[in-house]
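4 protein chains.
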Amino acid sequence: MGRPPLKKKSIERSALELFVEKGVDGTSIRDIATRAGVTEGALYRHHKGKEELVRALFLEHFTRFAALIAATQAPQKSFAEVITKLVEVFFTLHDEDPPVFEFIMVARHRVLDEVRADEKNPVELIYRLVKEAIKRGEIPDQNPDLLTELMIGMVLQATVGVRYERLKPPLTKHAKAVAKACLAVAGTTKR
Amino acid sequence: MGRPPLKKKSIERSALELFVEKGVDGTSIRDIATRAGVTEGALYRHHKGKEELVRALFLEHFTRFAALIAATQAPQKSFAEVITKLVEVFFTLHDEDPPVFEFIMVARHRVLDEVRADEKNPVELIYRLVKEAIKRGEIPDQNPDLLTELMIGMVLQATVGVRYERLKPPLTKHAKAVAKACLAVAGTTKR
Amino acid sequence: MGRPPLKKKSIERSALELFVEKGVDGTSIRDIATRAGVTEGALYRHHKGKEELVRALFLEHFTRFAALIAATQAPQKSFAEVITKLVEVFFTLHDEDPPVFEFIMVARHRVLDEVRADEKNPVELIYRLVKEAIKRGEIPDQNPDLLTELMIGMVLQATVGVRYERLKPPLTKHAKAVAKACLAVAGTTKR
Amino acid sequence: MGRPPLKKKSIERSALELFVEKGVDGTSIRDIATRAGVTEGALYRHHKGKEELVRALFLEHFTRFAALIAATQAPQKSFAEVITKLVEVFFTLHDEDPPVFEFIMVARHRVLDEVRADEKNPVELIYRLVKEAIKRGEIPDQNPDLLTELMIGMVLQATVGVRYERLKPPLTKHAKAVAKACLAVAGTTKR
DNA sequence: AATGAATGAGATTTCATTCAT
DNA sequence: AATGAATGAAATCTCATTCAT
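Protein chains in written order, with our numbering: chain Z, 1 to 191; chain D, 1001 to 1191; chain V, 2001 to 2191; chain G, 3001 to 3191.
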């Protein structure tokens, strides 16, 4: 094995940040190279092109995210417990590296259109949680799709609040409050 | 007078729809012209370029939105009443013309960076409502920034749910439920 | 006969001025229309297009210029008299309407390539004067081409001096001095 | 390093020639690329655009010209000596590379508007020479601005004469005659 | 006579990608 | 591994001209 690819990480990090700041379509190879302190050709040593780079970055992080999120699931846990855990996990993932979290949010539609109804899709996961909680009487009967959206909306918007400096980081400090809000909306009966 | 601007509306509508579908940077002038059934040059009779077109479309609709949203304000109304009204107004605006609503959401960061801390900014408006409600004891003492984000998150995510066909339109059908969710999160004491 | 073409003169004057200020290629139809206070189409009511407009403007004024210049010729006059008269005529034409004079200078190569070795060409005219003066012994034997260029250079550069505000107009005030310079260069022996 | 910039010189030379032949506004990027044997985009590797290319070419050569012209200055030399030297230098610069000389003439108004009253401006330099010569009694009292223009006019028109094949190159062959003409116009008293 | 929207051609510029070094 | 000149295609924009009004 030769020397480690010194610039690879730099290229990938620069790309990720720029994708968040200006969008994938708004970011050029030259933008990435400039920020990474390399020249345009260097990117092609490591990736086939811009779209492949987006895909690679997405899958690298999303896989990790999905695994951590899936691990929150446990049949014996109550709806309240799982939701609380989920919010914590989401916020921890965000705080760990906010640009990475934001990139996943930005890139998911572009990449996930191929993976749409995937079981790993957090929307699907939460939807199933809600359905089961209703069936088990943990929360009142209601439109499970709507509740899913509302909870997801609160979690995601909290990350937006941090990005625009309307909420003080770290986000994990707000996890309890947001989880409580989710349960309030769900109308959780038992604790 | 020369020919009346038959194609202006068509160009603007096509642009707006494409901006929502593929993003501003992902939409080319050619895309717009093709959908509008004109040649590329026609756009420049009416707008200086793509960025100016985005700005013009945004300001046109945002101004109308802001006026309607500001009109929900009335000093004698309770927090619950105003929030309920606001959700209704948001959802009505959405249902009226979902692409226009979505375009405003998509374009706001691009355009509003110049208008940031504007009083017309709905985030600001809701924040002030929350602060006053806390002061008047209508809702428990809490982080007003967080509550603001949570309510906004729910409202916006509901529109996303419709876009991805996870929620059945029209959105106004869900207004009552979403308003109730907002009040549940706020912990409204009086009704 | 209907109304007179009110805007025709305005278009032509605006075009002429812009051709001088920014060059023919640097001036667009829109530039002309804007300065003339009309719309783009109006020009085509009076002229076939930009090139034809240049040609028309050039020929209109050049014809008049050429006639006045040709009138300076008289067989019985001395070289000194004709040169003095010529400088006066040139400077009078310039002072009468400097933009017109400058336009003729700017456009001559573009238009005169068709008329090149024309007898009306002032260069040709002066060249013949010089040749005859040498033959008649009015001036010393010398390179007639060079003398021609030197005299033309002085006359034209004087107009440039006025344009760049290095010489005080009117130019006719300098006619005597420039004529004297021409004769000094020629080495005129008799007066 | 990547490939050495094989085509840069070719692009710049082609541009310079075309600017002289057809004017800057009459020359398209495509014209330049075609003559240089490259594609249109290649130009942008080396220059920001056409205007910047004009500026770069102008400054590169003008700086060299100005240095050589300034070097003709020496306090102990007579007006006649300096003028003779100046004409020689101008003509040598012209003969060395006529297109470069002509380009400087063509581009100077476009670029020099920013550098106008610069001391390096040859017009200024000659003006100062003339003023001093008058003060020192080397030439009769007269309008120094006019004399400056007349001398410049002769020198420049000589280069025009060569371009239009009315004067036989090389121009340096005519230097003595033109210098003599300048001194005749100035009315130099001492030799 | 004049308007000005629209066209069609082309000019300028950007950009992902390739490749010789 | 990295460079950066150059390409080829596409995007943005300009402009002379036409034509319905």
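Here a beta-carbon is modelled for each residue, glycine too, at the ideal position from N, C-alpha and C.
When you compare only the Cα positions, how much space is there between residue i and residue j?
i       : j       : result
V/M2105 : V/V2160 : 11 Å
V/I2069 : V/P2122 : 8 Å
Z/V155  : Z/A186  : 14 Å
Z/E132  : D/E1040 : 53 Å
D/A1179 : D/E1088 : 8 Å
D/K1085 : Z/G153  : 20 Å
G/A3056 : G/L3006 : 18 Å
D/R1163 : V/D2031 : 47 Å
G/V3024 : G/R3110 : 10 Å
D/T1072 : D/R1136 : 19 Å
D/K1168 : Z/E149  : 12 Å
V/F2101 : G/H3047 : 37 Å
D/S1014 : Z/D113  : 23 Å
D/F1062 : D/A1107 : 10 Å
V/F2079 : V/E2138 : 7 Å
V/F2103 : D/P1098 : 58 Å
Z/R128  : D/L1183 : 25 Å
G/P3170 : G/D3141 : 34 Å
G/R3064 : D/E1051 : 43 Å
Z/P75   : Z/R166  : 37 Å
D/A1158 : V/K2022 : 58 Å
D/A1265 : D/A1033 : What the structure shows of chain D is the stretch from 1001 to 1191, and residue 1265 of chain D is not part of that stretch, so it cannot be assessed.
D/K1009 : Z/K9    : 47 Å
Z/I83   : Z/T188  : 11 Å
V/I2134 : V/A2181 : 18 Å
Z/V230  : Z/E81   : Beyond the ends of chain Z as shown, which are 1 and 191, falls residue 230 of chain Z; an answer cannot be given.
G/G3197 : V/L2059 : Nothing can be reported for residue 3197 of chain G, as the shown portion of chain G is limited to 3001 through 3191.
D/I1029 : Z/K77   : 53 Å
V/E2096 : G/M3151 : 25 Å
G/R3003 : D/R1003 : 54 Å
According to the Cβ coordinates, are residue i and residue j closer than 9 Å?
i       : j       : result
Z/V38   : Z/I11   : yes
V/H2174 : G/L3146 : yes
Z/R35   : Z/L18   : yes
D/T1027 : D/F1091 : no
G/N3143 : V/A2177 : yes
Should residue i be labelled buried (16 or more other beta-carbon atoms within 10 Å of its own) or exposed?
i       : result
V/M2001 : Unreliable positioning characterises V/M2001 in this predicted model, as indicated by a pLDDT of 44, which lies under 50. The coordinate reading is nonetheless provided below. It is exposed - the Cβ of V/M2001 has fewer than 16 other Cβ atoms within 10 Å.
Z/R191  : Below a pLDDT of 50, predicted positions are generally treated as unreliable, and Z/R191, at 46, falls in that range; no measurement from the model is reported.
D/V1020 : buried
Z/L125  : buried
V/L2016 : buried
Inset, instruction - Note down, one range per segment and in chain order, each alpha helix (DSSP H) of at least 4 residues found wholly within the region 3101–3170 of chain G. - result: 3122–3135, 3144–3163
Inset, instruction - Would you list, in sequence order, the uninterrupted alpha helix (DSSP H) runs of no fewer than 4 residues that lie entirely inside the region 23–104 of chain Z? - result: 29–36, 43–46, 50–70, 79–96
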